[in-house]
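*Asks:* For the sequence shown, the positions run 0 to 572 when numbering that gives the first Met the number 0 is used.
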Amino acid sequence: MKMNILGIHTTHDAGAALISDGKIIAAVNEERFNRIKHYGFLPINSIDYCLKKAGIGIEDIDIIATSSSVLDPSLKLLFNLSDREISKVYPAFSQLGNLKARIKSNIYKYLEPREVLPDYISSFKIKDSTKILPTDHHLAHAASAYYTSGFKEKCLVVSADGVGDNISIAIYRGENGKLTLLKNYGIEGSLGLFYGMVTESMGWWVGDGEPKTMGLAAYGDPNSFPDFILKSFMPEYENGTLKKPYNYAKINRFKLFDCYHFHFSELSSIKRIKDTYGDKNIAAKAQYLLEKEMIELIGYWAKKEGVRRLATSGGVFLNVKLNQKIVEANIIDEYHVFPNAGDGGLALGAALYQQFNICGEKNIPKLEHLFLGPEFSNYEVESILKGRNIPYEKVDDAALMAAKLLAQGRIIGWFQGRMEYGPRALGNRSILADPRKKENTNIINEKVKFREWFRPFCPSLLYEVAEDYFHTQREEFFMITAYSVRKEKVNQIPAVVHVDGTSRPQLVKRQHNEKFWRLIKSFQDLTGTAVVLNTSFNIKGEPMILSPRDALKCFFDTGIDNLIINDFLISKD
Ligand SMILES: [Fe+2]
0 MKMNILGIHT THDAGAALIS DGKIIAAVNE ERFNRIKHYG FLPINSIDYC
50 LKKAGIGIED IDIIATSSSV LDPSLKLLFN LSDREISKVY PAFSQLGNLK
100 ARIKSNIYKY LEPREVLPDY ISSFKIKDST KILPTDHHLA HAASAYYTSG
150 FKEKCLVVSA DGVGDNISIA IYRGENGKLT LLKNYGIEGS LGLFYGMVTE
200 SMGWWVGDGE PKTMGLAAYG DPNSFPDFIL KSFMPEYENG TLKKPYNYAK
250 INRFKLFDCY HFHFSELSSI KRIKDTYGDK NIAAKAQYLL EKEMIELIGY
300 WAKKEGVRRL ATSGGVFLNV KLNQKIVEAN IIDEYHVFPN AGDGGLALGA
350 ALYQQFNICG EKNIPKLEHL FLGPEFSNYE VESILKGRNI PYEKVDDAAL
400 MAAKLLAQGR IIGWFQGRME YGPRALGNRS ILADPRKKEN TNIINEKVKF
450 REWFRPFCPS LLYEVAEDYF HTQREEFFMI TAYSVRKEKV NQIPAVVHVD
500 GTSRPQLVKR QHNEKFWRLI KSFQDLTGTA VVLNTSFNIK GEPMILSPRD
550 ALKCFFDTGI DNLIINDFLI SKD
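1) Does the region 335-353 come into contact with the region 515-528, if we say contact requires no fewer than three beta-carbon pairs (one atom in each stretch) closer than 8 Å?
2) Under 8 Å: does the beta carbon of H262 sit that close to some heavy atom of ligand 1?
3) Leaving aside the five residues before and after I330 along the sequence, list all residues of the same chain whose C-beta is less than 7 Å from its C-beta, in chain order.
4) At a threshold of 8 Å, does L345 count as lining ligand 1 (C-beta to nearest heavy atom)?
5) So the alpha helix (DSSP H) F554 belongs to, where does it begin and stop?
6) For Q594 and K279, what's the separation of their Cα atoms in angstroms?
7) Do E265 and A282 come within 9 Å of each other at the CB atom, strictly closer than that value?
8) DSSP three-state call for K130: helix, strand or coil?
9) Taking just the CA atoms, how far does F456 sit from A202?
10) Using a Cβ-based criterion (distance less than 8 Å to any ligand heavy atom), does H368 qualify as near ligand 1?
11) Can you list, in chain order, the residues of its chain whose CB lies under 7 Å from that of V380, leaving out five sequence neighbours each side?
12) Contact defined as beta carbons within less than 8 Å: I believe L460 pairs with P504. What is the distance between those atoms, to the nearest angstrom?
13) Would you mind stating whether V315 and A159 have Cβ atoms separated by less than 9 Å?
14) Pull up the DSSP beta-bridge partners for Q505, would you.
15) Verify the contact flag: G314, CB atom, against every heavy atom of ligand 1, threshold strictly below 8 Å.
16) In its own chain, which residues sit with a C-beta less than 6 Å from the C-beta of A350, not counting the 5 before and 5 after it?
17) Can you find the residues in the same chain that come closer than 8 Å, C-beta to C-beta, to L95, ignoring five residues on each side of it along the sequence?
18) Among residues of its own chain, excluding the 5 on either side of A576, which ones have a beta-carbon nearer than 6 Å to its beta-carbon?
19) Give the range of the alpha helix (DSSP H) segment to which K136 is assigned.
20) Can you tell me which of E292, E475, S231 and R34 puts its alpha carbon nearest to the alpha carbon of I272?
21) Cα separation between K22 and S200?
22) For D582, verify whether its CB is less than 8 Å away from any heavy atom of ligand 1.
23) For a test of your reading of the model: does the CB of D160 fall under 8 Å from any non-hydrogen atom of ligand 1? Yes or no.
24) So, for A26: in the same chain, excluding its five sequence neighbours on each side, which residues have a beta-carbon less than 6 Å away from its beta-carbon?
25) Relative to the alpha-carbon of D556, which residue among L518, R485, N512 and K446 has its alpha-carbon at the smallest distance?
26) G96 by DSSP, collapsed to three states: which one?
27) Starting from Y38, follow the beta strand (DSSP E) in both directions and report where the run begins and ends.
28) Closest by CA to N388, which one among L70, I569 and N251?
29) Going along the chain, which residues of its own chain have a beta-carbon closer than 7 Å to the beta-carbon of V484, five neighbours each way excluded?
30) Is the closest heavy atom of ligand 1 to the C-beta of H511 under 8 Å?
31) When you compare only the Cα positions, how much space is there between T10 and D164?
32) Is any heavy atom in ligand 1 found nearer than 8 Å to the beta carbon of H140?
33) Of all the alpha helix (DSSP H) runs that stay within the bounds of the region 167-210, which reach a length of 4 or more residues?
34) Can you give the beta carbon distance from V319 to P434, rounded, assuming they're within the 8 Å contact cut?
35) Assign W204 to one of two classes, buried (16 or more other C-beta atoms within 10 Å of its C-beta) or exposed (fewer than that).
36) For the region 414-484, which segments carrying the alpha helix (DSSP H) assignment without a break, of at least 4 residues, lie completely within its bounds, in sequence order?
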């Protein structure tokens with residue numbers, strides 16, 4: 000069916016995605032444009048970009064897919080709709096079943112003066128026939144996983160996060176292009192909030208700092224204190240039921256610079272455990288307990304459904320160590336994780352759900368790449384460099400030049416093509432270094448990214464040599480699962496092996512990213528190692544870069560030695 004579906008998400012990690020005639024045209028998060036990490040409000044720039052990329056206007060949109068089952072008042076602001084207008088385009092608004100949405104909307108109407116976006120910010124005037132279709136939060140997560148999995152046969156689909164639309168974990172069956180809800184668990188079953196609580200006890204931002212907790216966990220011992228001490232602050236599952244619900248005390252929330260922050264009332268108790276047993280050990284225990292409960296739950300449902308095929312999404316599955324344990328637990332054979340698993344991926348998930356639901360398509364495509372964001376021409380890049388009197392050199396073969404610089408021990412900023420959708424740099428907005436030098440870990444953490452000493456770095460390697468380095472036969476294109484590195488290889492690439500002997504690799508296939516593949520191949524030709532260290536092009540606390548200007552700012556503000564943007568080389572000496 001020919002139609003344009005715009006997916007939008009308007010709370011934390013806001014963003015937009017566009018599917019035209021069944022093809023994903025663009026997907027991007029607002030934080031990349033306004034430079035506010037995890038920005039959670041109106042995805043104006045994201046919508047603008049999606050429309051421009053497709054060469055269409057807002058009046059060409061047939062369906063707007065939102066990522067929540069309740070009416071978000073910001074939709075009225077975004078599309079400048081009165082209550083009368085919204086009841087026309089948002090069918091759920093006028094249904095009794097969505098009484099909650101109507102009450103909420105009416106409360107907002109009386110509490111707040113009608114807000115209208117001025118023209119100089121944006122003006123999206125949708126046509127009367129456009130429909131706004133709400134997509135439940137976890138259904139949007141599940142859709143992002145299932146409709147990108149490539150699974151032809153029945154599979155289990157699991158969505159898990161802190162909480163969304165009052166649900167923390169939802170279990171679906173994916174079959175013949177349809178998602179069927181099997182069971183969901185409320186906030187009292189949230190494993191994501193439990194992990195967030197431990198993350199806050201470390202002094203880190205809930206919804207941002209969880210990868211730090213996971214990274215630190217590898218330095219601790221999960222057996223250093225009894226399970227029950229931390230278990231008393233989390234739910235427990237058995238045979239698919241919530242054996243022990245955990246009633247979270249009040250979760251406080253506030254917005255700062257249009258970002259959400261959370262504070263758990265139990266924090267002082269968790270901090271006491273941390274102070275008694277140490278930050279590394281509480282991180283290790285939280286990681287262990289998360290893995291145990293999630294594997295128990297997934298194992299039960301996979302068995303009950305009689306499937307060994309799993310697709311997951313939701314912020315909990317950004318935990319690459321959990322994904323490793325799921326792979327190793329022998330409860331499934333095939334595993335797909337949607338790489339933008341957090342709420343940043345909801346806009347695309349909502350759009351995919353509506354696309355498949357309306358079209359009744361049964362063929363599920365496999366996600367091949369995530370290069371769905373903006374790109375810049377050589378003309379644009381050269382104009383920026385000239386305009387700022389920045390010396391540069393135009394190179395014939397950027398990939399070969401980058402490989403040579405890496406082999407000389409340089410740390411380079413690598414900017415090519417369309418920006419990645421999601422938290423991982425996959426070779427278009429990357430900082431690269433030689434993985435053979437262990438000291439690069441400290442150099443990049445201290446002088447380039449300005450972040451914690453224990454943060455690990457990931458390898459990007461040629462698809463063809465994956466099994467030489469890792470104990471896996473899985474195709475892992477998105478750095479979303481950790482694997483054990485073969486013992487004999489650990490000393491060859493020490494800068495990309497974590498303290499526990501694992502790595503979170505990106506296998507690079509030539510047809511997915513020709514230039515990046517050639518870069519790694521050239522590095523192999525020069526050094527014998529078909530691996531590069533690849534970390535996202537940004538500094539701590541900032542979103543990944545989007546534009547050449549962002550790249551230049553980051554380059555001149557950090558210890559990066561050389562910057563390659565498209566075919567232009569910029570050097571500090
Ligand atoms: Fe979520």
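From the three backbone atoms N, C-alpha and C, an ideal C-beta is built for every residue, glycine too.
*Replies:* Let's see:
1) no
2) no
3) I294, I297, G298 and A301
4) yes
5) P547 to D556
6) Beyond the ends of the chain as shown, which are 0 and 572, falls residue 594; an answer cannot be given.
7) no
8) strand
9) Residue identity check: residue 202 is Gly in the sequence provided, not Ala. Answer to the nearest angstrom: the Cα atoms are 22 Å apart.
10) no
11) P547, I564, N565 and F567
12) 6 Å
13) yes
14) S459
15) yes
16) I4, G6, A16, I18 and A64
17) Residue placement at L95 is poorly supported in this model, since its pLDDT is 44, which falls under 50; the coordinates are not used for a value here.
18) In this structure the chain extends from 0 to 572, so residue 576 is not present and cannot be described.
19) According to the sequence displayed, residue 136 carries His and not Lys. Where H136 is concerned, the enclosing alpha helix (DSSP H) stretches over H136 to Y145.
20) S231
21) 43 Å
22) Look at the range of the chain in this structure, 0 to 572, and you will see that residue 582 is not part of it.
23) yes
24) A16, L347, L371 and Y420
25) K446
26) Below a pLDDT of 50, predicted positions are generally treated as unreliable, and G96, at 48, falls in that range; the measurement from the model is reported next regardless. In the structure shown, G96 sits in a helix (DSSP, three-state: H, G or I).
27) No beta strand (DSSP E) contains Y38, which DSSP labels as neither H nor E.
28) I569
29) Y468, F469, V496, G500, T501 and S502
30) no
31) 12 Å
32) yes
33) 190-200
34) About 18 Å; that fails the 8 Å criterion.
35) buried
36) 438-442 and 465-468
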